[in-house]
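For the record, in the sequence shown the residue sitting at position 352 is 389 according to the working numbering, with numbers rising by one throughout. Don't be surprised by glycine CBs; every beta carbon is placed ideally from N, CA and C.
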Amino acid sequence: MYKVDRLSRSLLDFSQLLEFFDKYEVSFVSVTQNFNTKTSMGRLTLNILLSFAQFEREIISERTRDKMAASRMKGKFIGGTIPFGYKLDKERHVLVPDDIQAEQVRFIFECLLREENLASVMNILQIKGIGLPEKKYKNGVIRSARPISRSYLYRIVHNPVYIGKVLYKGKIYEGEHDGLVTEKTFNAVQKLLAEKYTARGYVRKRIEGVLNGLLYCKECGSKMVPTYAKKNGRKHFYYVCHKCVRDGYSACPTKTVRQVEFNEAVFRRLMERGLLNKNDFHQLDIDKQTEELMKIVSGITYEYKESYIEVSLKNGVQFGFRTAVKPHPGGIPKKERQAYKEIQHLKADQATYYKALALQIREYMRVNNLSQKECAQALGLSSARGSQLMQIDKI
């Protein structure tokens with residue numbers, strides 16, 4: 038070894054390495070430093086050299102941290118990943134706006150204020166083709182272009198760099214670069230997200246699902262995770278493709294499936310094969326049920342379009358079946374709801390029309406002194422239709 042501190046600058050690590058060398062009778066020799074570790078004076082010399090090496094390393098670290106902190110407090114860009122919407126001016130080492138991406142960042146903030154929902158914003162970004170561009174690193178690795186994920190979108194809307202400031206250790210300082218959005222817009226977005234976060238609560242409880250960790254989406258290979266929706270104070274549990282949760286519901290054709298029906302369908306097939314005991318299994322809690330399933334099942338895939346479930350067992354056996362586990366039709370989309378209102382309005386107009394027609398027929402019967410049957414024959418109506426119109430008049 039050229040010098041002792043080339044092996045390690047930590048006294049504790051070096052002493053453990055020496056014990057390891059002694060165990061296997063390996064000699065340690067420093068080419069430029071003459072000492073003998075077999076004597077007490079040699080070991081003292083070695084410890085002193087290592088103590089100074091560790092002290093030097095810690096001093097360098099402290100000065101580097103102080104220099105970085107001072108630069109950040111002055112608003113300088115000290116390196117790292119360049120934020121989306123900016124590019125680096127290598128001469129001045131300052132962030133400058135990228136014209137195309139800067140407009141996309143402004144659109145993200147405006148869209149979030151309008152939609153008030155991150156999932157909706159992600160869907161809109163995918164439709165418009167807004168995403169992270171291809172990037173080539175110095176080592177030659179190329180990161181392909183990809184859509185903006187949910188976590189990355191969170192970082193964008195929470196990052197004070199877009200109002201011309203920098204964040205360092207929880208404190209915000211004025212930056213040297215220009216902001217992309219106004220402070221009013223940025224603060225409005227933070228207030229919106231804070232209100233939604235407060236409404237949900239600070240502790241995110243674990244959502245239970247017996248097949249959590251075993252169930253996968255056939256289309257994209259992502260896990261299907263448990264979730265729930267609440268209606269009229271009652272929770273309805275589902276499994277949903279994690280890619281839809283992360284990147285928006287348009288990211289994968291597999292949507293939600295009803296958890297209770299899905300679980301029962303899988304349990305029933307396993308019990309028919311004698312792999313589960315019905316009475317014993319249903320007496321276990323959810324965590325124990327999951328443990329029992331993991332002993333015999335290696336994975337479950339679900340194909341949404343055909344409602345096809347495929348189960349892979351630990352012994353290599355696979356079997357599949359179809360079952361109805363898609364959610365019941367829920368809320369009516371806005372366009373369909375408007376069309377429904379128009380139909381209802383048309384039905385109301387038709388009812389008014391038939392009532393007016395029934396009154397005219399009744400008046401015709403009175404003037405011509407006709408019976409209901411005779412009136413129907415005179416007007417070319419069947420007796421049943423004439424009777425139906427008379428009943429409308431009485432409503």
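- Message: In whole angstroms, give me the CA-to-CA distance for Y205 and P197.
- Response: Stepping through the sequence shown from its first residue, residue 205 is reached at position 168. Stepping through the sequence shown from its first residue, residue 197 is reached at position 160. The straight-line gap from Cα to Cα measures roughly 11 Å.
- Message: Tell me the rounded alpha-carbon separation between T219 and Q141.
- Response: For this step, residue 219 is matched to residue 182 along the sequence shown. For this step, residue 141 is matched to residue 104 along the sequence shown. Separation of T219 and Q141 (C-alpha to C-alpha, rounded to the nearest whole angstrom) is 15 Å.
- Query: Just to confirm, are A231 and L150 a CB contact at a threshold of 9 Å?
  - Reply: By one-based count along the sequence shown, residue 231 stands at place 194. By one-based count along the sequence shown, residue 150 stands at place 113. Result no, Cβ atoms of A231 and L150 do not sit closer than 9 Å.
- Measure the C-alpha to C-alpha separation of A413 and S419 and round it to an integer number of angstroms. To locate residue 413, count along the sequence shown from 1; it is residue 376. To locate residue 419, count along the sequence shown from 1; it is residue 382. A direct Cα-to-Cα measurement between A413 and S419 gives close to 6 Å.
- Query: Hey, which unbroken runs of the alpha helix (DSSP H) at 4 residues or more fall wholly within the region 79-160?
  - Reply: Runs of the alpha helix (DSSP H) inside the region 79-160: 136-152.
- Could you please give me the residues that DSSP links to T170 through a beta bridge? Here residue 170 refers to the residue found at position 133 when the sequence shown is read from its first residue. Correcting the residue identity first, residue 170 is Pro in this sequence and not Thr. DSSP lists no partner for P170.
- Query: If you run the structure through DSSP and keep just helix, strand and coil, what is T338?
  - Reply: Working through the sequence shown from its first residue, we reach residue 338 at position 301. Reduced to three states, the DSSP call for T338 is strand.
- Query: From this set, G285, Y275 and Y339, which residue's C-alpha is nearest I161's C-alpha?
  - Reply: By 1-based counting over the sequence shown, the position of residue 161 is 124. The candidate whose alpha carbon is nearest that of I161 is G285.
- Message: Report the start-end ranges of each beta strand (DSSP E) in the region 191-260 that is 3 residues or longer and not cut off at the edges.
- Response: Taking only runs of at least 3 residues, the beta strand (DSSP E) segments lying wholly in the region 191-260 are 202-205, 208-211 and 252-254.
- alpha helix (DSSP H) containing E301: first to last residue? Here residue 301 corresponds to residue number 264 of the sequence shown, with the count starting at 1. In this chain, the alpha helix (DSSP H) harbouring E301 covers Q296 to E309.
- Message: Under 8 Å: do the region 303-320 and the region 260-277 share three or more Cβ pairs, one atom per stretch?
- Response: Not touching, per the Cβ criterion.
- Task: Return the Cβ separation of Q326 and G246 in integer angstroms, given the expectation that the two are a contact with Cβ distance under 8 Å.
- Result: For the purposes of this step, residue 326 is taken as residue 289 along the sequence shown, with counting starting at 1. For the purposes of this step, residue 246 is taken as residue 209 along the sequence shown, with counting starting at 1. At roughly 10 Å, the Cβ-Cβ gap does not stay under 8 Å, so Q326 and G246 are not in contact.
- Query: Is the region 82-95 in contact with the region 187-194, if contact means three or more CB pairs nearer than 8 Å?
  - Reply: Contact between the region 82-95 and the region 187-194 is absent, because fewer than three Cβ pairs lie under 8 Å.
- Determine the closest residue to L396 out of N406, A421, K410 and Q428, with distance taken between C-alpha atoms. As a working note, residue 396 is residue 359 in the sequence shown. The candidate whose alpha carbon is nearest that of L396 is Q428.
- Item | Length of the line joining the Cα atoms of F299 and D322 | Working through the sequence shown from its first residue, we reach residue 299 at position 262. Working through the sequence shown from its first residue, we reach residue 322 at position 285. When the Cα atoms are used, F299 and D322 turn out to be separated by approximately 17 Å.
- Between the Cα of G212 and those of R109, K221 and G336, spot the shortest distance and give me the residue it belongs to. Translated into positions along the sequence shown, residue 212 becomes position 175. Out of R109, K221 and G336, R109 has the C-alpha closest to the C-alpha of G212.
- Do we get a CB-CB distance below 9 Å when we pair M110 with the residues of chain C? The chain inventory of the structure shown lacks chain C, comprising one protein chain alone.
- Query: Can you tell me the Cα-Cα spacing of N176 and K280, whole angstroms?
  - Reply: Against the sequence shown, residue 176 aligns to sequence position 139. Against the sequence shown, residue 280 aligns to sequence position 243. When rounded, the distance between both Cα atoms is 30 Å.
- Under the rule that 16 or more other beta-carbon atoms within 10 Å means buried, what is R102, buried or exposed? For the purposes of this step, residue 102 is taken as the residue at position 65 of the sequence shown. Here R102 is exposed. Its C-beta has fewer than 16 other C-beta atoms within 10 Å.
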